[in-house]
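For reference, the structure discussed in these notes is given below.
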């Protein structure tokens with residue numbers, strides 16, 4: 189499952205620059221993580237997202253640099269993202285650039301989600317890999333948020349900092365060190381990775397505003413993304429939609445079908461043609477997220493139940509025990525984790 193998700197190799201350029209500066213061979217490190225050797229030469233080839241995440245973790249360990257993901261983000265070149273990079277850089281404002289990134293993230297990285305929301309004058313930009321089997325991914329999270337901050341600084345100025353940075357992973361170095369590196373207050377063990385900042389920042393003008401270039405890139409992206417989507421099986425697209433909807437009450441069959449442009453009956457029929465059932469996919473996605481949350485996070489059982497859209501903790505515990513023969517508490521204890 190985790191090896192089905194992909195990312196284009198251009199996303200490696202920040203890490204590559206940092207490795208070379210430290211006298212390391214990117215291709216040799218990538219080979220240990222399953223990154224194809226030609227990925228370092230061709231920015232537009234697809235590589236496993238699992239391998240991309242792993243090469244960052246390996247790099248941090250090899251160089252003894254726990255902040256390698258964050259540092260790599262400062263070297264990132266958006267031009268390596270092809271049409272997406274072009275569309276982002278030619279946007280008129282920071283808000284337009286972020287909305288473009290949000291809309292077309294899947295052009296360069298599958299089974300992932302980015303969302304920009306505004307409430308009471310505060311903008312929140314979230315990012316996460318949807319697939320719970322790809323873990324640990326702390327370096328990927330720090331890399332991506334660093335990239336987003338560098339993007340916003342193109343319009344807001346080099347001194348700009350978000351008010352708050354949230355990470356889904358546990359802190360692996362003193363929080364004071366993290367704040368020194370990121371320049372903003374940081375929270376860990378959060379539901380997702382996020383940046384919070386004043387809504388007014390979204391109106392900041394981008395320096396390479398080019399309407400014609402932006403519109404042409406958007407046209408190319410729309411065509412390419414549509415082609416990519418239809419190349420996937422309906423089962424894969426349904427699974428991704430379920431992951432997106434969990435925790436927000438939109439992972440039910442009716443809503444997922446509508447999101448995929450189908451009626452509930454058509455979704456059922458087409459999934460059946462592929463040998464799948466919606467209820468089975470939903471149960472499997474819930475289990476994978478639950479397993480990850482129990483083993484890799486400190487989330488209380490009640491919170492996990494809520495994020496999986498169960499009616500209450502008891503319903504979650506019953507469903508999990510049917511699947512594993514163990515209660516969630518016992519399952520967590522079996523991995524040496526402190527029960528919640």
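In the numbering used here, the protein residues as written are 189 to 528. Backbone N, C-alpha and C define an ideal beta-carbon position, used for all residues, glycine too.
Could you check which residue in the options has the C-alpha nearest to that of residue i?
i	options	result
residue 292	341, 307, 315	315
residue 393	285, 295, 446	285
residue 533	330, 443, 313, 348	Only positions 189 to 528 of the chain appear in the structure, and residue 533 is not among them; the question remains open.
residue 351	337, 358, 362	337
residue 377	362, 354, 242	354
residue 511	499, 474, 522	474
residue 471	441, 413, 457, 226	441
residue 243	272, 267, 436, 213	213
residue 275	408, 230, 193	408
residue 330	271, 206, 349, 261	261
residue 476	434, 451, 245	434
residue 460	432, 423, 232	423
residue 195	317, 206, 415	317
residue 266	256, 205, 335	335
residue 414	309, 449, 368	449
residue 539	245, 193, 230	Residue 539 cannot be examined here, being either before or after the span of the chain that is shown, 189 to 528.
residue 469	496, 193, 426, 231	426
Exposed or buried, which one is residue i when buried takes at least 16 other CB atoms within 10 Å?
i	result
residue 211	exposed
residue 346	exposed
residue 466	buried
residue 479	buried
residue 302	buried
residue 508	buried
residue 358	exposed
residue 444	buried
residue 356	buried
residue 323	buried
residue 189	Any reading at residue 189 is ruled out, since the residue's pLDDT is 42, under 50, leaving its predicted position unreliable.
residue 320	buried
residue 201	buried
residue 437	exposed
residue 453	exposed
residue 258	buried
residue 268	buried
residue 451	exposed
residue 524	exposed
residue 399	exposed
residue 309	exposed
residue 462	exposed
residue 361	exposed
residue 506	exposed
residue 368	exposed
In whole angstroms, what is the alpha-carbon distance linking residue i and residue j?
i	j	result
residue 328	residue 294	16 Å
residue 248	residue 372	22 Å
residue 296	residue 494	30 Å
residue 299	residue 464	19 Å
residue 489	residue 519	12 Å
residue 306	residue 485	27 Å
residue 234	residue 228	11 Å
residue 281	residue 288	11 Å
residue 570	residue 447	Missing from the structure shown is residue 570; the chain here goes from 189 to 528 and no further.
residue 455	residue 430	13 Å
residue 516	residue 264	40 Å
residue 522	residue 513	13 Å
residue 385	residue 311	5 Å
residue 332	residue 370	12 Å
residue 482	residue 401	46 Å
residue 499	residue 273	42 Å
residue 217	residue 197	14 Å
residue 343	residue 395	7 Å
residue 504	residue 487	14 Å
residue 270	residue 339	16 Å
residue 203	residue 256	8 Å
residue 457	residue 418	17 Å
residue 410	residue 502	44 Å
residue 277	residue 406	12 Å
residue 219	residue 491	38 Å
residue 496	residue 420	25 Å
residue 375	residue 341	21 Å
residue 231	residue 199	8 Å
So who's on the other strand from residue i, going by DSSP bridges?
i	result
residue 360	Answer is none; residue 360 lacks a bridge partner.
residue 135	With the chain covering 189 to 528 only, the question about residue 135 has no answer from this structure.
residue 534	Look at the range of the chain in this structure, 189 to 528, and you will see that residue 534 is not part of it.
residue 236	194
residue 354	375, 382
residue 281	393
Following a CB-centred definition, is residue i positioned closer than 8 Å to any heavy atom of the ligand ATP?
i	result
residue 301	Judged by which ligands are present, the structure shown has none, so any question about the ligand ATP falls away.
Any 3 or more C-beta pairs closer than 8 Å across the segment 213-224 and the segment 236-250: Verdict: yes, contact present.
Inter-stretch contact at 8 Å, needing at least 3 Cβ pairs: the segment 383-403 / the segment 250-258: No: the two stretches stay apart, fewer than three of their Cβ pairs being nearer than 8 Å.
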